[in-house]
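Counting from 144, one number per residue, gives the positions in the sequence shown under the working numbering.
Read the structure below first, then the notes.
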Amino acid sequence: MLPSINLFNNIRLRNKLLILYIFCVFFPIVVTNIVFYNVTTTNIKNQKMHDVNLVLDQITYDFISVVDQAVGISAGFYTDSRLYEYFDENYERTIDYIEAYDFYLREYNSYTPLYYSIQDISFYTNNPTVLYAGGVRPITDITKEQEWFAELSNVNHPIFVRTNPIVESEVFSLIRELDYYKDLNERKKIIKIDLNPVTIRQIFNNVTFQGNVYLINNDRVVEYSTDNRFDWREENIHYNDIQRQLGDDMIQLDERYLPHNYLEGWRIVGTISEADILEELYQSERFIFLLASLNFLIPTLIIVLISRSLHVRIARLLHFMKKMKNQNFEEIPYHKDEDEIGELTNEFNNMTRTIKKLINEVYIANIQKKDLELKEKQAQLSALQSQINPHFLFNALETIRMRSLIKGEKETAKIIQNMAKIFRNSLTWGKDWVTVEEELALIECFLEIQKYRFGEKLEYTIEIEDGTYENIIPNMAFLPFVENASIHGIESVKEKGHIHITIKQIDSEVIFRIVDNGAGMERDKLDRILNNLKNEESMGENVGIKNVYYRLKLYYSNNFSFSIKSNPGKGTIVEIKLPREGK
Numbered sequence: 144m145l146p147s148i149n150l151f152n153n154i155r156l157r158n159k160l161l162i163l164y165i166f167c168v169f170f171p172i173v174v175t176n177i178v179f180y181n182v183t184t185t186n187i188k189n190q191k192m193h194d195v196n197l198v199l200d201q202i203t204y205d206f207i208s209v210v211d212q213a214v215g216i217s218a219g220f221y222t223d224s225r226l227y228e229y230f231d232e233n234y235e236r237t238i239d240y241i242e243a244y245d246f247y248l249r250e251y252n253s254y255t256p257l258y259y260s261i262q263d264i265s266f267y268t269n270n271p272t273v274l275y276a277g278g279v280r281p282i283t284d285i286t287k288e289q290e291w292f293a294e295l296s297n298v299n300h301p302i303f304v305r306t307n308p309i310v311e312s313e314v315f316s317l318i319r320e321l322d323y324y325k326d327l328n329e330r331k332k333i334i335k336i337d338l339n340p341v342t343i344r345q346i347f348n349n350v351t352f353q354g355n356v357y358l359i360n361n362d363r364v365v366e367y368s369t370d371n372r373f374d375w376r377e378e379n380i381h382y383n384d385i386q387r388q389l390g391d392d393m394i395q396l397d398e399r400y401l402p403h404n405y406l407e408g409w410r411i412v413g414t415i416s417e418a419d420i421l422e423e424l425y426q427s428e429r430f431i432f433l434l435a436s437l438n439f440l441i442p443t444l445i446i447v448l449i450s451r452s453l454h455v456r457i458a459r460l461l462h463f464m465k466k467m468k469n470q471n472f473e474e475i476p477y478h479k480d481e482d483e484i485g486e487l488t489n490e491f492n493n494m495t496r497t498i499k500k501l502i503n504e505v506y507i508a509n510i511q512k513k514d515l516e517l518k519e520k521q522a523q524l525s526a527l528q529s530q531i532n533p534h535f536l537f538n539a540l541e542t543i544r545m546r547s548l549i550k551g552e553k554e555t556a557k558i559i560q561n562m563a564k565i566f567r568n569s570l571t572w573g574k575d576w577v578t579v580e581e582e583l584a585l586i587e588c589f590l591e592i593q594k595y596r597f598g599e600k601l602e603y604t605i606e607i608e609d610g611t612y613e614n615i616i617p618n619m620a621f622l623p624f625v626e627n628a629s630i631h632g633i634e635s636v637k638e639k640g641h642i643h644i645t646i647k648q649i650d651s652e653v654i655f656r657i658v659d660n661g662a663g664m665e666r667d668k669l670d671r672i673l674n675n676l677k678n679e680e681s682m683g684e685n686v687g688i689k690n691v692y693y694r695l696k697l698y699y700s701n702n703f704s705f706s707i708k709s710n711p712g713k714g715t716i717v718e719i720k721l722p723r724e725g726k
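The structure is reproduced here in structure tokens:
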């Protein structure tokens with residue numbers, strides 16, 4: 144078998160399903176949604192950029208069209224010889240000028256209503272015989288000091304400027320010198336065509352363009368802009384300074400250069416924020432998120448339900464198999480599932496019923512046989528006990544005690560009374576549980592007898608907490624250890640012996656502790672006693688300890704604690720912890 148297949152054999156089913164979900168559902172769905180979102184974002188951004196560029200091209204085209212209209216009008220004046228004659232003529236009388244104005248210039252006033260993009264047409268001349276009115280202005284020293292006049296003198300083509308930025312901040316003018324006819328050039332003649340600022344605003348403030356538009360001259364100074372964050376109307380704002388203040392999310396579109404020589408170096412630039420470009424995507428983001436969530440949640444829910452169906456039933460099957468190991472043969476609640484796990488559950492239940500049937504036929508029969516043998520032995524023991532009349536012994540001990548009292552031997556009478564109590568308790572069958580107080584009374588009787596035997600060689604002390612007396616413990620659970628301490632511990636040494644008994648309760652436990660300073664035990668002997676406790680086949684040596692240990696195990700299972708510590712020549716410590724049980 145391939146190593147990669149063997150690798151999965153050591154992974155729990157839940158983890159296998161989790162790996163399957165992560166690599167076959169979670170990652171593919173997440174990656175697919177991320178790719179879908181990125182592709183959608185890129186497509187929308189590209190489409191939006193294309194649309195924005197088209198709008199900026201339209202703005203550029205409309206602006207050039209307006210300028211071209213002004214250029215076309217100026218070209219008509221530029222080649223009109225009558226206009227040259229009009230401005231070169233010396234008018235001796237005012238009436239002569241007025242008649243010439245009506246004949247030559249009044250018809251030109253019709254251009255303004257014909258072209259909505261033209262606000263005004265005016266002429267500049269240095270002919271002192273004309274009247275400066277009706278669109279005719281003189282060339283004065285002030286006029287000569289203006290920038291456009293100096294620029295016009297250095298070129299042989301029309302110029303396009305933003306005239307008088309302080310007063311008319313949004314008025315653009317096309318200015319041209321009328322010098323086409325050299326022989327009719329006695330006077331200086333200039334035509335100035337002002338564009339309509341409303342038309343300029345309509346062109347640049349295109350509602351379909353969500354960013355800002357900048358009209359830049361050949362010195363990269365902003366001549367017009369829709370960006371109101373900068374005061375370009377009252378001061379010269381360099382576009383490079385604007386670029387440095389643009390945020391990281393701002394996108395600058397390609398610069399559109401204006402083609403004519405009178406617009407040499409002029410360009411139109413557009414900027415737009417990435418958020419404006421992706422506004423449609425953001426508006427659709429909720430739908431995309433909902434679609435991605437459905438794409439993620441529905442497969443996840445289906446896989447979770449299927450995985451849970453597999454894992455829960457397999458875990459339940461494993462649970463009942465482990466219970467079978469402890470001889471608990473329960474059938475699995477079967478809902479007639481028709482898949483492989485359902486068939487496995489059905490076969491397990493069939494096996495369980497078969498095993499229970501075999502147990503009933505074989506195992507229980509053996510138990511009944513053992514029970515009969517045990518009853519036979521109990522009958523033999525009862526027959527043996529019936530041969531001894533305990534009442535006869537009790538009456539004899541009571542007679543001895545009374546005669547001792549009559550003779551004044553009170554100590555002997557007390558010892559005989561204690562012996563009778565112990566003997567009566569040992570012959571009381573069927574009483575498995577006693578209180579701590581009853582057990583303690585029996586221990587005191589035994590210690591008094593031992594103290595009578597050993598005299599001053601034995602001393603004992605008993606400490607018991609209040610509230611411990613009423614706890615229920617197995618009959619004679621502590622007495623055998625007191626007996627061992629006095630007989631095997633104290634009796635074997637020449638020095639004075641002491642037995643200290645403590646009974647207390649901590650939390651939910653009753654703790655019995657007996658300490659003696661007797662002979663103690665070697666480590667090998669102690670290990671042998673502890674190992675013999677694990678051997679349940681035969682009582683062997685240390686019958687008293689084994690008897691107590693087995694009865695505690697029978698009553699409490701593993702819910703008790705038993706420990707022995709001993710050092711040769713120093714004594715032995717026995718500690719028993721039992722669960723608290725009241726009357």
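Each residue gets a CB set at the ideal place from its N, CA and C atoms; glycine is no exception.
Predicted, not measured: the structure shown is a model, and the values here were computed from it.
Helix, strand or coil: which one does DSSP assign to residue i?
i	result
Pro402	coil
Ile615	strand
Val279	strand
Arg319	strand
Leu697	helix
Lys188	helix
Ser260	coil
Ile154	coil
Arg376	coil
Ile475	coil
Ser368	strand
Phe170	helix
Asn710	strand
Just reading off the alpha helix (DSSP H) that residue i is part of, what are its end residues?
i	result
Arg387	Tyr382 to Gln388
Met664	Note, Met664: premise wrong, no alpha helix (DSSP H); not H, not E.
Leu248	Neither: Leu248 is in no alpha helix (DSSP H) and is coded neither H nor E.
Phe589	Val579 to Phe597
Phe292	Glu290 to Ser296
Glu626	Leu622 to Asn627
Arg225	Ser224 to Asp231
Taking the Cβ atom as the reference point for each residue, do residue i and residue j lie within a distance shorter than 8 Å?
i	j	result
Tyr234	Tyr240	yes
Phe472	Phe491	no
Val577	Ile616	yes
Glu352	Leu199	Checking the displayed sequence, the identity of residue 352 turns out to be Phe instead of Glu. Contact flag set, yes.
Leu338	Val209	yes
Ile475	Leu453	no
Thr268	Lys335	no
Asn627	Gly687	yes
Asn648	Gly598	The question names Asn, yet the displayed sequence has Gln at residue 648. Not a contact, by the Cβ cut-off of 8 Å.
Lys677	Phe703	no
Glu422	Ile394	no
Phe230	Asn270	yes
Ala662	Ser700	no
Glu294	Ile302	yes
Val365	Tyr382	yes
Ile592	Ile644	no
Ile646	Ile607	yes
Name, in chain order, the residues that DSSP records as bridge partners for residue i.
i	result
Val658	His643 and Ile716
Phe705	Ile719
Gln648	Val653
Tyr357	Ser368 and Val412
Ser265	Lys335
Can you tell me where the beta strand (DSSP E) with residue i in it begins and where it stops?
i	result
Ile502	Taken as a continuous stretch (DSSP letters only), Ile502 belongs to no beta strand (DSSP E), as it is neither H nor E.
Gln395	Met393 to Gln395
Leu601	Leu601 to Ile607
Asp337	Lys332 to Leu338
Arg410	Arg410 to Ser416
Phe303	Ile302 to Arg305
If I measure Cβ to Cβ from residue i and keep anything under 6 Å in the same chain, skipping five residues before and after, which residues do I get?
i	result
Asn404	His300
Asn532	Note that Asn532 scores a pLDDT of 46, beneath 50, so its modelled location is shaky; the value from the coordinates is reported in the next line. Nothing meets the Cβ criterion.
Pro623	Gly687 and Val691
Leu145	With a pLDDT of 47 at Leu145, under the threshold of 50, the modelled position of that residue is not reliable, and the figure given next carries that caveat. Nothing listed; no residue qualifies.
Whose C-beta lies closer than 7 Å to the C-beta of residue i among residues of the same chain, with five residues either side of it excluded?
i	result
Thr175	none
Thr342	Val209, Tyr259 and Ser260
Ser217	Pro301, Leu317, Arg319, Ile334 and Ile336
Mind checking if residue i is an interface residue toward chain C, Cβ cutoff 8 Å exclusive?
i	result
Asp397	The structure shown contains no chain C; it holds only a single protein chain.
Just to confirm my understanding: we take residue i, look at its own chain, exclude 5 residues before and 5 after, and list those with CB closer than 8 Å. What are they?
i	result
Met682	For Met682, the pLDDT reaches just 46, beneath the cut-off of 50, and the residue's location in the model is therefore unreliable, leaving the point undetermined.
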